[in-house]
Amino acid sequence: MIEVADLTITFHTGGRVVKAVKSISFSVPEGACFGIVGESGSGKSTVLRALSGLNPDWTGDVVIDGQPQGRQRDKAFHKKLQMVFQDPYGSLHPRHTIDRVLDEALSVHGIGDRDARIEQALRDVGLPLHFRFRYPHQLSGGQRQRVAIARALILEPRVLLLDEPTSALDVSVQAEILNLLRRLRAERGLTYLLVTHNLAVLSNMCDTVAVMRHGEIVEVAEMALIRSGTARQPYTRQLLAASQGYDRAAVAGLVD
Ligand SMILES: Nc1ncnc2c1ncn2[C@@H]1O[C@H](COP(=O)(O)OP(=O)(O)OP(=O)(O)O)[C@@H](O)[C@H]1O
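The numbering of the sequence shown is the working numbering, which starts it at 14 and goes up by one.
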């Protein structure tokens with residue numbers, strides 16, 4: 014579903030050229046959850062932003078659902094691939110009701126039957142229907158993230174790019190959102206590319222993980238291998254050690 018080959022992403026700031034991602038390659042089969050983990054600044058978010066079309070300054074080959082991607086993305090692309098960000102408050106307009114947030118996504122893509130779709134989207138993410146006319150500040154962090162997920166899913170995409178979707182949330186709420194994402198993927202056969210600094214989160218969501226460091230992928234490994242502490246790279250093992258215990262409460266709340 015996602016094929017990335019030799020992807021290099023560059024930033025130009027103040028006359029300096031920063032190579033944030035250096036010639037990385039990976040592929041994600043349809044219906045899989047592929048994780049990208051790594052410390053802060055390793056380039057994880059930059060990869061997602063380039064794949065979603067938010068950052069055009071890249072070279073390499075990106076093929077999504079069999080279609081080679083250029084710098085510009087069209088509406089059909091955004092209907093197929095949606096992104097969910099870390100901070101649901103920042104990603105929702107503070108003066109727009111939830112109804113408007115969801116309605117805008119539909120109207121941009123000329124999708125009709127809006128009432129029924131908005132209600133269904135709220136149900137899909139476990140929000141009561143009367144939340145429809147609330148504003149983001151009237152919701153909890155977890156509820157806001159549910160709205161952000163509803164906004165992505167209302168377009169019936171095939172791929173979700175998830176950028177630290179739970180790290181801005183309380184630990185107890187993290188598990189709820191991860192469970193929701195797992196259920197939605199299973200029900201809809203979605204493909205996930207999930208970025209986090211937290212291996213414990215990936216452990217319960219993904220089968221395969223790429224470990225990034227300083228803009229490079231140092232290892233692509235089955236999650237089971239990483240979990241058992243037998244990853245090839247010492248860096249991966251250190252990352253596991255560092256994240257153990259970190260989100261134990263979140264992981265304890267996860268259900269199969
Ligand atoms: N707009 C930008 N201009 C210049 N450099 C940038 C820009 N965005 C990111 N970078 C640099 O690119 C590198 C990778 O950043 P990125 O945000 O992708 O890391 P990350 O692994 O997602 O980190 P975090 O977990 O903290 O979000 C960093 O060195 C960062 O400073």
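Note that the Cβ used here is the ideal one computed from N, Cα and C, for glycine as well.
In the displayed model, Val114 falls within a helix according to three-state DSSP. Rounded to the nearest whole angstrom, the C-alpha separation of Met14 and Ala188 is 27 Å. The three-state reading of DSSP puts Val138 in coil, since its state is none of H, G, I, E or B. Residues lining ligand 1 by the Cβ criterion, that is a Cβ closer than 6 Å to any of its heavy atoms, are Phe24, Thr26, Val31, Ala33, Gly51, Ser53, Gly54, Ser55, Gly56, Lys57, Ser58, Thr59, His210 in chain order.
Contact between the segment 222-242 and the segment 64-77 is not established, with fewer than three Cβ pairs separated by less than 8 Å. Straight across, the Cα-Cα distance linking Arg201 with Val231 is about 31 Å.
For Ala118, same chain residues with a beta-carbon under 7 Å away, outside a window of 5 residues either side, are Arg164, Ile167, Leu168 in chain order.
With fewer than 16 neighbouring CB atoms inside 10 Å of its own CB, His106 falls in the exposed class. Counting along the chain, Glu235 sits inside the beta strand (DSSP E) bounded by residues 229-235. Within the same chain, and ignoring the five residues on either side of Lys57 in sequence, the residues whose Cβ sits closer than 7 Å to its Cβ are Ile49, Gly51, Val208, Met225. Lys93 is positioned such that its CB atom lies closer than 7 Å to that of Arg171. In the three-state reduction of the DSSP assignment, Phe98 falls in the coil class, being assigned neither a helical nor a strand state.
Between the segment 156-163 and the segment 127-147 there are three or more inter-stretch CB-CB distances shorter than 8 Å, so the stretches are counted as touching.
Nearest to Gly79 by alpha-carbon distance, out of Thr72, Thr243, Leu173, Phe90, is Phe90.
Rounded to the nearest whole angstrom, the C-alpha separation of Val60 and Gln85 is 16 Å.
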